[in-house]
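S.K.: Right, I'll just put the structure down here and ask away after.
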Amino acid sequence: MLTISVTSIAATEDPSSTADVSPRILRLMARRRVIESIDGNVLPMRNAVLFRRKGRFWPDNFRPGRYMCILMFWGLMTLLFMTLLAKFALLNTLHDLKLDRSEFITARSVEISIKTNKLITEGDNIIISEFKEIPLPPKLTCNHFTSVSGDPTNGYILVHSNGGLNQMKTGISDMVAIAKVMNATLVLPSLDHNSFWTDPSDFKDIFDWKHFVEYLEEDISVVDHLPPAYASIKPHQRAPVSYSKASYYSNQMSSLLKKHKVINFTHTDSRLANNGLPNPIQRLRCRAMYEALKFTDEILELADKLITRLRDDDKPFIALHLRYEKDMLAFTGCSHNLSKAEDEELRQLRRSVRHWKEKHINGEERRRQGVCPMTPREVAVFLEAIGFPSDTKIYIVAGNIYGQDGVKALQDKYPNIYTHSNLAREDELSPFNNRQNKLAAVDYTVALESDVFVFTYDGNMAKAVQGHRKYEGFRKTIIPDKKNFVKLIDRMDKGLISWEEFSMKVKILHANRTGGAVLRKPGKVVKSEESFYANPYPGCICEK
Numbered sequence: 002m003l004t005i006s007v008t009s010i011a012a013t014e015d016p017s018s019t020a021d022v023s024p025r026i027l028r029l030m031a032r033r034r035v036i037e038s039i040d041g042n043v044l045p046m047r048n049a050v051l052f053r054r055k056g057r058f059w060p061d062n063f064r065p066g067r068y069m070c071i072l073m074f075w076g077l078m079t080l081l082f083m084t085l086l087a088k089f090a091l092l093n094t095l096h097d098l099k100l101d102r103s104e105f106i107t108a109r110s111v112e113i114s115i116k117t118n119k120l121i122t123e124g125d126n127i128i129i130s131e132f133k134e135i136p137l138p139p140k141l142t143c144n145h146f147t148s149v150s151g152d153p154t155n156g157y158i159l160v161h162s163n164g165g166l167n168q169m170k171t172g173i174s175d176m177v178a179i180a181k182v183m184n185a186t187l188v189l190p191s192l193d194h195n196s197f198w199t200d201p202s203d204f205k206d207i208f209d210w211k212h213f214v215e216y217l218e219e220d221i222s223v224v225d226h227l228p229p230a231y232a233s234i235k236p237h238q239r240a241p242v243s244y245s246k247a248s249y250y251s252n253q254m255s256s257l258l259k260k261h262k263v264i265n266f267t268h269t270d271s272r273l274a275n276n277g278l279p280n281p282i283q284r285l286r287c288r289a290m291y292e293a294l295k296f297t298d299e300i301l302e303l304a305d306k307l308i309t310r311l312r313d314d315d316k317p318f319i320a321l322h323l324r325y326e327k328d329m330l331a332f333t334g335c336s337h338n339l340s341k342a343e344d345e346e347l348r349q350l351r352r353s354v355r356h357w358k359e360k361h362i363n364g365e366e367r368r369r370q371g372v373c374p375m376t377p378r379e380v381a382v383f384l385e386a387i388g389f390p391s392d393t394k395i396y397i398v399a400g401n402i403y404g405q406d407g408v409k410a411l412q413d414k415y416p417n418i419y420t421h422s423n424l425a426r427e428d429e430l431s432p433f434n435n436r437q438n439k440l441a442a443v444d445y446t447v448a449l450e451s452d453v454f455v456f457t458y459d460g461n462m463a464k465a466v467q468g469h470r471k472y473e474g475f476r477k478t479i480i481p482d483k484k485n486f487v488k489l490i491d492r493m494d495k496g497l498i499s500w501e502e503f504s505m506k507v508k509i510l511h512a513n514r515t516g517g518a519v520l521r522k523p524g525k526v527v528k529s530e531e532s533f534y535a536n537p538y539p540g541c542i543c544e545k
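If you count the sequence shown from 1, position 135 lands on 136 in the working numbering, and the numbers rise without skipping.
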């Protein structure tokens with residue numbers, strides 16, 4: 002059997018002979034590795050990897066020379082130069098648009114295919130036919146039921162919903178969550194009959210009330226009317242403080258309810274904060290808004306017929322919320338492109354409505370701030386700049402468009418314009434005559450199921466639909482940046498930029514404004530922060 006040991010050459014010599022060897026030679030000898038057998042044979046192993054010193058980095062057959070180091074240095078310098086060049090090019094584009102960098106939102110993925118959050122283009126055109134081929138992701142909702150409190154109810158809440166359809170929907174959803182916080186029983190809400198539309202429809206005319214009661218039975222108790230023992234009690238009238246936290250209702254309002262047993266909340270709009278609420282309460286708001294408040298079969302059946310007719314040729318369609326209606330223009334003071342007579346008519350309407358606080362409004366300044374509804378002409382230019390072809394089918398989600406020209410400017414560019422009026426037969430629309438809230442429910446359903454949703458004013462309908470589409474899996478929603486768009490279209494109209502430059506900048510401006518997964522963030526001013534119902538993420542959409 003051969004025994005092998007590691008030693009140095011100096012150890013194989015007679016110890017007495019090492020005195021005649023210079024120190025330099027000894028150091029050189031010590032660096033050489035050898036294998037010595039028991040019979041005294043010495044085998045040098047200069048290149049044995051096993052015995053190399055740990056400090057060595059380069060292999061023996063590759064040692065970088067000065068030329069290699071120079072090449073690496075200039076390669077890094079070239080990379081740095083190209084990076085700086087790209088940065089200055091982007092900053093130059095931002096400067097031309099006069100945009101704040103915060104306008105560019107980076108969508109955060111929540112395990113959704115990235116294809117659903119990007120525009121699909123071919124040249125300058127959006128291939129909207131491909132939107133239909135992209136499978137929508139499943140609902141990403143984390144909406145587990147809470148449980149009804151085992152304690153006896155503290156009392157009953159009567160609710161008078163105010164505003165139009167979508168304002169009432171969000172208000173009712175808040176009242177469901179508030180009833181949970183207060184451990185109260187909710188009586189079916191009454192609807193507003195005195196708003197601009199004066200629709201006489203009540204809760205049971207628009208919503209499937211039995212579904213509403215049954216769906217929420219694991220969360221709160223809902224009754225059709227007050228029980229006999231409470232019917233004679235005079236309700237305590239109260240308008241809750243806007244944007245209140247849960248503690249306001251669990252403390253102050255609960256004490257009042259225990260004392261009076263029946264409270265009538267006279268206003269429901271924006272009575273609960275957007276942020277800073279417990280997760281179970283946020284999830285309950287979503288269940289009420291998107292699940293419990295189901296429209297009646299009559300409404301859903303008509304909406305389904307309209308959707309089928311829009312897709313009869315297997316082509317997708319856009320739902321456009323063109324909020325260029327008389328009441329909204331009067332309320333906002335916006336009259337761009339209208340005649341002087343029309344502007345005066347809007348001014349008179351604004352003065353006649355008592356609860357509209359602002360009477361003297363600079364419409365052009367409002368437009369420059371990006372808070373005016375887009376005109377039909379601006380919408381046509383916007384859609385063309387984004388890349389929608391002229392044969393795109395557009396379903397207008399709105400009432401009558403104001404102005405002597407109406408939708409002419411839009412229809413000249415996009416002739417395939419549809420509404421519930423020209424898609425439905427007269428006999429199908431007859432049950433909806435003078436029922437604007439019911440028609441709004443039909444439009445809401447069509448907008449929810451559209452391939453692309455575009456809105457021109459950030460009102461209650463726009464907030465409700467875009468939030469619902471996010472809840473359903475971040476369906477495509479184009480959110481116009483009106484403030485910067487107005488700057489661009491005015492520059493193009495003055496001949497300061499070409500159509501090609503205008504279109505390119507509009508595309509850049511809206512690259513990340515397509516309804517993707519962007520976290521809702523609290524604002525400095527609660528009234529101007531993003532609405533919970535416009536973006537229920539986070540809240541009732543899973544973050545993982």
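Quick reminder that beta carbons are idealized off the backbone N, C-alpha and C, glycines included.
What span of residues does the beta strand (DSSP E) with Gln-349 cover, start to end?
M.R.: Looking at the DSSP string, Gln-349 is not in any beta strand (DSSP E); the run it does join, the alpha helix (DSSP H), is 341-353.
S.K.: Would you mind sorting Asn-195 into buried or exposed? The rule is 16 or more other CB atoms within 10 Å of its CB.
M.R.: Exposed.
S.K.: Tell me whether Thr-84 is buried or exposed, calling it buried when 16 or more other Cβ atoms sit within 10 Å of its Cβ.
M.R.: Under this definition Thr-84 is an exposed residue.
S.K.: What residue range is occupied by the uninterrupted alpha helix (DSSP H) comprising Leu-321?
M.R.: Careful: Leu-321 lies outside any alpha helix (DSSP H), inside the beta strand (DSSP E) at 318-322.
S.K.: What residue range is occupied by the uninterrupted beta strand (DSSP E) comprising Arg-368?
M.R.: Segment 364-369 is the alpha helix (DSSP H) holding Arg-368; no beta strand (DSSP E) there.
S.K.: Count the other C-beta atoms from every protein chain shown that fall within 10 angstroms of the C-beta of Val-354, then say buried if there are 16 or more, exposed otherwise.
M.R.: Exposed is the call here.
S.K.: For Lys-119 and Arg-352, what's the separation of their Cα atoms in angstroms?
M.R.: With a pLDDT of only 40 at Lys-119, under the threshold of 50, the placement of this residue in the model should not be trusted, and no figure is reported.
S.K.: Note down, one range per segment and in chain order, each alpha helix (DSSP H) of at least 4 residues found wholly within the segment 277-310.
M.R.: Taking only runs of at least 4 residues, the alpha helix (DSSP H) segments lying wholly in the segment 277-310 are 280-287.
S.K.: Which runs of the alpha helix (DSSP H) spanning at least 4 residues fall entirely within the segment 380-452, listed in chain order?
M.R.: Fully enclosed alpha helix (DSSP H) runs of 4 or longer: 409-414, 421-424, 427-430, 437-450.
S.K.: Is Ala-331 buried or exposed, if buried means 16 or more other CB atoms sit within 10 Å of its CB?
M.R.: Per the 10 Å Cβ criterion, buried.
S.K.: On the three-pair Cβ rule with 8 Å, is the segment 256-266 touching the segment 508-521?
M.R.: With a cut-off of 8 Å, the segment 508-521 and the segment 256-266 do not count as touching, because too few Cβ pairs lie within range.
S.K.: Counting along the chain, where does the beta strand (DSSP E) carrying Phe-266 start and finish?
M.R.: Per DSSP, Phe-266 belongs to the beta strand (DSSP E) from 263-266.
S.K.: Report yes or no: do the segment 379-386 and the segment 290-306 share at least 3 C-beta pairs separated by less than 8 Å?
M.R.: They do not touch, by the three-pair rule.
S.K.: Over the uninterrupted beta strand (DSSP E) stretch that includes Ile-173, give me the two end residues.
M.R.: It is not in any beta strand (DSSP E) - Ile-173 instead sits in the alpha helix (DSSP H) that spans 166-183.
S.K.: Give me the Cα-Cα distance between Ile-158 and Ile-207, rounded to the nearest whole angstrom.
M.R.: When rounded, the distance between both Cα atoms is 21 Å.
S.K.: Let me confirm a value: Met-254 is counted as buried when at least 16 other C-beta atoms fall within 10 Å, else exposed. Which label applies?
M.R.: By the neighbour-count rule (16 or more Cβ atoms within 10 Å), Met-254 is buried.
S.K.: Kindly identify the DSSP beta-bridge partner or partners of Tyr-249.
M.R.: According to DSSP, which records beta bridges pairwise, Tyr-249 is partnered with nothing at all.
S.K.: Taking all protein chains shown into account, decide if Pro-523 is buried (16 or more other Cβ within 10 angstroms of its Cβ) or exposed.
M.R.: Exposed is the call here.
S.K.: Please list, in chain order, all residues of the same chain as Ile-26 whose beta carbon is under 8 Å from its beta carbon, the five residues on each side excluded.
M.R.: Unreliable positioning characterises Ile-26 in this predicted model, as indicated by a pLDDT of 48, which lies under 50. The coordinate reading is nonetheless provided below. Same-chain partners within the cutoff: there are none.
S.K.: At 4 residues or longer, and completely inside the segment 490-515: list those alpha helix (DSSP H) runs for me, N to C.
M.R.: The segment 490-515 contains these whole alpha helix (DSSP H) runs: 500-510.
S.K.: What number of angstroms, rounded off, separates the C-alpha of Phe-296 from the C-alpha of Asp-209?
M.R.: Taking the straight line joining both Cα atoms gives about 6 Å.
S.K.: Measuring alpha carbon to alpha carbon, tell me which residue in Met-183, Leu-187, Met-69 is nearest Ile-173.
M.R.: Nearest option by C-alpha distance: Leu-187.
S.K.: State whether the segment 270-288 contacts the segment 236-255, with contact taken as three or more CB pairs (one from each stretch) at a distance under 8 Å.
M.R.: The answer is yes - the segment 236-255 touches the segment 270-288, with three or more Cβ pairs under 8 Å.
S.K.: In this structure, what does DSSP give as the bridge partners for His-237?
M.R.: Beta-bridge pairing links His-237 to Ile-264.
S.K.: Alpha carbon to alpha carbon, how far is Asp-452 from Gly-474? Give it in angstroms, no decimals.
M.R.: So the alpha carbons of these two residues sit roughly 13 Å apart.
S.K.: How would you label Arg-324, buried or exposed, when you count the other beta carbons within 10 angstroms and need 16 or more for buried?
M.R.: Label assigned to Arg-324: buried.
S.K.: Which word fits Thr-154, buried or exposed, when buried means at least 16 other C-beta atoms lie within 10 angstroms of its C-beta?
M.R.: Thr-154 is buried by the Cβ-count criterion.
S.K.: Below 8 Å CB to CB, which residues in the same chain sit around Val-408 once its five sequence neighbours on both sides are set aside?
M.R.: Result list for Val-408: Leu-323, Pro-377, Ile-397, Ile-402, Ile-418, in chain order.
S.K.: Relative to the C-alpha of Thr-393, which residue among Arg-284, Asp-314, Asn-276 is closest?
M.R.: The shortest Cα separation from Thr-393 among Arg-284, Asp-314, Asn-276 belongs to Asp-314.
S.K.: Starting from the C-beta of Leu-307, find all residues in its chain whose C-beta is less than 6 Å away, skip the five residues before and the five after it, and write them out in chain order.
M.R.: Leu-424, Val-447, listed in sequence order.
S.K.: Whole angstroms are fine: how far does the CA of Asp-193 sit from the CA of Pro-567?
M.R.: The first residue shown for the chain is 2 and the last is 545, placing residue 567 beyond what the model contains.
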